[in-house]
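In the order they appear, the protein sequences are chains A and B.
Note that my numbering has the first sequence beginning at 2, numbered continuously upward.
Note that my numbering has the second sequence beginning at 2, numbered continuously upward.
Reviewing the structure listed below.
Protein chains: 2
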Amino acid sequence: MPKIPVLEMFGPTIQGEGAVIGKKTMFVRTSGCDYRCSWCDSSFTWDGSAKDDIRLLEPEEIIAELDALAPQRYQHVTISGGNPALIKNIGPLVEALNERNIQTALETQGSKFQSWMTQIDDLTISPKPPSSGMKPNLPILDDVISQCVEESLSLKVVVFDDDDYQFAKDIHARYPSIPFYVQVGNPYLDDRVSNHTEKLLEKYEALIDKVMNDTLNDIYVLPQLHTLLWSNKKGV
Amino acid sequence: MPKIPVLEMFGPTIQGEGAVIGKKTMFVRTSGCDYRCSWCDSSFTWDGSAKDDIRLLEPEEIIAELDALAPQRYQHVTISGGNPALIKNIGPLVEALNERNIQTALETQGSKFQSWMTQIDDLTISPKPPSSGMKPNLPILDDVISQCVEESLSLKVVVFDDDDYQFAKDIHARYPSIPFYVQVGNPYLDDRVSNHTEKLLEKYEALIDKVMNDTLNDIYVLPQLHTLLWSNKKGV
């Protein structure tokens, strides 16, 4: 059976972002990314700092570990990264979870398609805005989105500044029928920053004000709930 | 044209709760309620304190006022109360909004059905838990839910204490296929309470812990985003 490079598994906790915000879920974080976002909150998945923690696991080993972490206490698994869409071998994991009547979510930037993405229940594609330092290839994004199942799909853009906001508007205009989320950027990756919740809420309110005074109407504006609660602590 | 008793209209702002949390929306608050919840955050809709603010408005008058408040800046209207489901005459408002391609949401406790509820896009039924001092009639709730459009429907239970939590579990078990949200109760209705955000987040974290350590799995756990941001200030 093909193996999957896993960096961490944790939960149950809540999904802190996007279309299924608040949902009780387990997280499986894969290693490796094709991007190097300046503000990545999981840079250990690609910067080599956690390379000794990578384990190559079969789907049944992953599920056994999730079961041990949360016996009878989960029905939803979020696959996150890094960019899990780089990994062809996730298909059998998604199938094994589906067979157990466990729902799945995926978070990816939309730079790569895998056929198993059509079996994901909650698929978030999050094209990266200018502040990330990355430049999404939009024809590739078009192609990835065209192959996804529309009912499962939402788009999310993180917004730190005005350029990101314009990028978000452009993405929403390009795919107007796909549920669209803007998420306030979190510049406080250092856990030791004081009053991070208050500061994040101020930034969230500023983003709300911007959207409310604009004609961008069919839209959701959200914070990251987990950072309001726990800053960037790992494993929650 | 039949008229609707309106207490306030405001927006655009974000929906702070439930299945469409974060969504940009306008609010139309109707007066009157069949319940008297002990912790109601909108008791002015039923306690007589705002009776001089009630206006009887036709659908076109309501829409004209929304347009004036937010020209070109809204595509979603939330009808809240009080209990709007007491009001038969909301039907033409929902139809007029639908004709303009404006989506609608409704919040109600599920004590009463109106045929226009089948035309609502995002329908939240929120049976009131024991701490409210109310006692929902479950056979009536069954009947109301059976007449709603399943795709539009979600259930939300506010949880203040252990009895409420057990009530939430019972409701979820009664309607297992309906998307289910628990929302942390807000005891800080007085705007002058200090550190309300911190206190609410502590309560939210405690509710998350409870759900994560339980076998209640197909569930969302959410705070009220607007109270984190703005306490109980009216008009946002």
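Note that CB positions come from ideal geometry on N, CA and C, so glycine has one too.
Fair warning: this is a prediction, and the values are worked out from it, not measured in the lab.
**Asked** Could you give the C-beta distance for A:LYS25 and B:VAL222, rounded to a whole number, given that I count them as a contact under 8 Å?
**Response** Start at 1 with the first residue of the first sequence, and residue 25 of chain A comes out as number 24. Start at 1 with the first residue of the second sequence, and residue 222 of chain B comes out as number 221. Right, the Cβ-Cβ distance comes to about 7 Å (below 8 Å), so this counts as a contact.
**8 Å Cβ cutoff, B:LYS204 in contact with chain A** = By one-based count along the second sequence, residue 204 of chain B stands at place 203. Using beta-carbon distances, B:LYS204 does not count as an interface residue toward chain A, since no partner is under 8 Å.
**Proximal residues of chain A, C-beta to C-beta of B:TYR189 below 9 Å** = Sequence index remark: in the second sequence, residue 189 of chain B carries index 188 (1-based). The premise fails here: B:TYR189 is roughly 16 Å from chain A at the closest Cβ pair, so nothing lies under 9 Å.
**Message:** If contacts are defined as beta-carbon pairs under 8 Å, then A:ASP122 and A:GLN104 qualify, I think. What distance do you get, rounded to the angstrom?
**Reply:** Position 121 of the first sequence holds residue 122 of chain A. Position 103 of the first sequence holds residue 104 of chain A. With a Cβ gap of about 4 Å, A:ASP122 and A:GLN104 count as contacting.
**Request:** Check each candidate in B:LEU8, B:GLU108, B:GLN120 and name the one with the smallest Cα separation from B:GLU66.
**Result:** Here residue 66 of chain B refers to the residue found at position 65 when the second sequence is read from its first residue. Looking at B:LEU8, B:GLU108, B:GLN120, the one whose alpha-carbon comes closest to that of B:GLU66 is B:LEU8.
**Item:** Nearest candidate by alpha-carbon position, reference A:ASN218, set B:ALA71, B:GLU18, B:LEU217
**Value:** Sequence index remark: in the first sequence, residue 218 of chain A carries index 217 (1-based). When only C-alpha atoms are compared, the closest one is B:ALA71.
**Prompt:** How many Å lie between B:GLY17 and A:PRO3 at the Cα?
**Reply:** Stepping through the second sequence from its first residue, residue 17 of chain B is reached at position 16. Stepping through the first sequence from its first residue, residue 3 of chain A is reached at position 2. Their Cα atoms are separated by approximately 43 Å.
**Request:** Could you check what DSSP says for A:VAL95 in three-state terms: helix, strand or coil?
**Result:** Position 94 of the first sequence, counting from 1, holds the residue named residue 95 of chain A. It is helical.
**Message:** Determine whether the beta carbon atoms of B:LEU208 and B:TYR182 lie at a separation below 8 Å.
**Reply:** The residue given as residue 208 of chain B occupies position 207 in the second sequence. The residue given as residue 182 of chain B occupies position 181 in the second sequence. Not in contact: B:LEU208 and B:TYR182 (Cβ atoms no closer than 8 Å).
**Asked** Given 8 Å as the limit, is there contact between the segment 23-40 of chain A and the segment 70-88 of chain A, that is, 3 or more CB pairs closer than that?
**Response** yes
**Request:** Please look up how many angstroms separate the CB atoms of A:ASN138 and A:GLN120, rounded, as I've assumed it's under 8 Å.
**Result:** For the purposes of this step, residue 138 of chain A is identified with residue 137 of the first sequence, where counting begins at 1. For the purposes of this step, residue 120 of chain A is identified with residue 119 of the first sequence, where counting begins at 1. So it is not a contact: roughly 25 Å between Cβ atoms.
**Prompt:** Touch check for the segment 90-98 of chain B and the segment 50-57 of chain B: three-plus C-beta pairs under 8 Å?
**Reply:** no
**Asked** What separation, rounded to the nearest whole angstrom, lies between the Cα atoms of B:ASN187 and A:ALA86?
**Response** Position 186 of the second sequence, counted from the first residue, corresponds to residue 187 of chain B. Position 85 of the first sequence, counted from the first residue, corresponds to residue 86 of chain A. Their backbone Cα atoms lie some 40 Å apart in a straight line.
**Asked** Taking Cβ positions, are A:PHE168 and A:VAL145 nearer each other than 8 Å?
**Response** Start at 1 with the first residue of the first sequence, and residue 168 of chain A comes out as number 167. Start at 1 with the first residue of the first sequence, and residue 145 of chain A comes out as number 144. Contact: no.
**Request:** For the segment 201-226 of chain B, enumerate the residues whose C-beta is nearer than 9 Å to any C-beta of chain A, in chain order.
**Result:** LEU202, TYR205, GLU206, ILE209, VAL212, MET213, ASN214, ASP215, THR216, LEU217, ASN218, ASP219, ILE220, TYR221, VAL222, LEU223, PRO224, LEU226
**Message:** Tell me whether B:ILE126, by its Cβ, gets closer than 7 Å to a heavy atom of the ligand NAP.
**Reply:** Of ligands this structure carries none, so the ligand NAP is not represented either.
**Prompt:** Are the C-beta atoms of B:LYS234 and some chain A residue less than 8 Å apart?
**Reply:** As a position in the second sequence, residue 234 of chain B is number 233, starting the count at 1. Chain A contact via Cβ: absent.
**Request:** Could you name each continuous beta strand (DSSP E) segment of 3 residues or more that falls completely within the segment 101-154 of chain B, going from the start of the chain to the end?
**Result:** Fully enclosed beta strand (DSSP E) runs of no fewer than 3 residues occupy 104-109, 123-126 of the segment 101-154 of chain B, in order along the chain.
**Request:** Taking a Cβ distance cut-off of 7 Å, strictly less, list which residues of the segment 65-85 of chain B are near chain A, in chain order.
**Result:** GLN73, ARG74, TYR75, GLN76
**Message:** Please list, in chain order, the residues of the segment 162-187 of chain B that have any C-beta partner in chain A closer than 8 Å.
**Reply:** TYR182
**Prompt:** So what does DSSP say about A:SER44, is it helix, strand or coil?
**Reply:** Reading the first sequence from its first residue, position 43 is the one you call residue 44 of chain A. Three-state DSSP puts A:SER44 in a helix.
**Minimum Cβ-Cβ distance from B:GLY23 to chain A less than 8 Å** = Residue mapping note: residue 23 of chain B aligns to position 22 of the second sequence, counting from 1. True, the Cβ-Cβ gap to chain A drops below 8 Å.
**Asked** For A:GLU206 versus B:LEU230, is the C-beta distance shorter than 8 Å?
**Response** As a first step, residue 206 of chain A must be located in the first sequence, where it is residue number 205. As a first step, residue 230 of chain B must be located in the second sequence, where it is residue number 229. With respect to the 8 Å criterion, A:GLU206 and B:LEU230 are classified as neighbours on the basis of their beta carbons.
**Prompt:** Any beta-carbon of chain B closer than 8 Å to the one on A:THR46?
**Reply:** Counted from its first residue, the first sequence places residue 46 of chain A at position 45. No - not a single Cβ of chain B is within 8 Å of the one on A:THR46.
**Request:** Would you please verify whether the beta carbon of B:THR228 is less than 8 Å from any beta carbon of chain A?
**Result:** Mapped onto the second sequence, residue 228 of chain B falls at position 227. Chain A, which has no Cβ nearer than 8 Å to the Cβ of B:THR228, makes this no.
**Request:** Compare the C-beta of A:THR105 against all C-beta atoms of chain C and say whether one is closer than 8 Å.
**Result:** Structure shown: chain C not included; protein chains present are A and B.
**Message:** Output needed in chain order: residues of the segment 103-127 of chain A with a Cβ under 7 Å from some Cβ in chain B.
**Reply:** none
**Asked** Near B:THR125, which residues of its chain fall below 6 Å by C-beta distance, leaving aside the five closest residues on each side in sequence?
**Response** Here residue 125 of chain B refers to the residue found at position 124 when the second sequence is read from its first residue. Same-chain partners within the cutoff: GLY19, GLU108, SER155, LYS157.
**B:PRO13, DSSP secondary structure in three states** = What you label residue 13 of chain B is simply residue 12 of the second sequence in a count that begins at 1. Residue state, collapsed to three classes: strand.
**Message:** Taking a contact to mean a Cβ-Cβ separation below 8 Å, would you say B:TRP40 touches B:LEU190 in this structure?
**Reply:** As a first step, residue 40 of chain B must be located in the second sequence, where it is residue number 39. As a first step, residue 190 of chain B must be located in the second sequence, where it is residue number 189. Closer than 8 Å, so yes.
**Message:** Residues of chain A with CB closer than 9 Å to the CB of B:THR198, please, in chain order.
**Reply:** Here residue 198 of chain B is taken as the residue at index 197 of the second sequence, counted from 1. Within 9 Å Cβ-Cβ: THR198, GLU199, LEU202, LEU229.
**Chain-ordered chain B contacts of A:ASP13 [CB-CB under 9 Å]** = To locate residue 13 of chain A, count along the first sequence from 1; it is residue 12. Here residue 13 of chain A is Pro; the residue named in the question, Asp, does not match the sequence. Correct list: VAL212, MET213, ASN214, ASN218.
**Request:** My understanding is that B:HIS227 touches B:ILE15, with C-beta atoms under 8 Å, so please give their C-beta distance in whole angstroms.
**Result:** The residue labelled residue 227 of chain B in the question sits at position 226 within the second sequence. The residue labelled residue 15 of chain B in the question sits at position 14 within the second sequence. Right, the Cβ-Cβ distance comes to about 7 Å (below 8 Å), so this counts as a contact.
**Message:** Measuring straight from C-alpha to C-alpha, what distance separates A:ILE141 and A:ILE88?
**Reply:** Here residue 141 of chain A corresponds to residue number 140 of the first sequence, with the count starting at 1. Here residue 88 of chain A corresponds to residue number 87 of the first sequence, with the count starting at 1. Roughly 17 Å between the two C-alpha positions.
**Message:** At the level of alpha carbons, what is the spacing between B:SER116 and B:CYS34?
**Reply:** Position 115 of the second sequence, counted from the start, is the residue given in the question as residue 116 of chain B. Position 33 of the second sequence, counted from the start, is the residue given in the question as residue 34 of chain B. Each residue's Cα considered, the two are about 18 Å apart.
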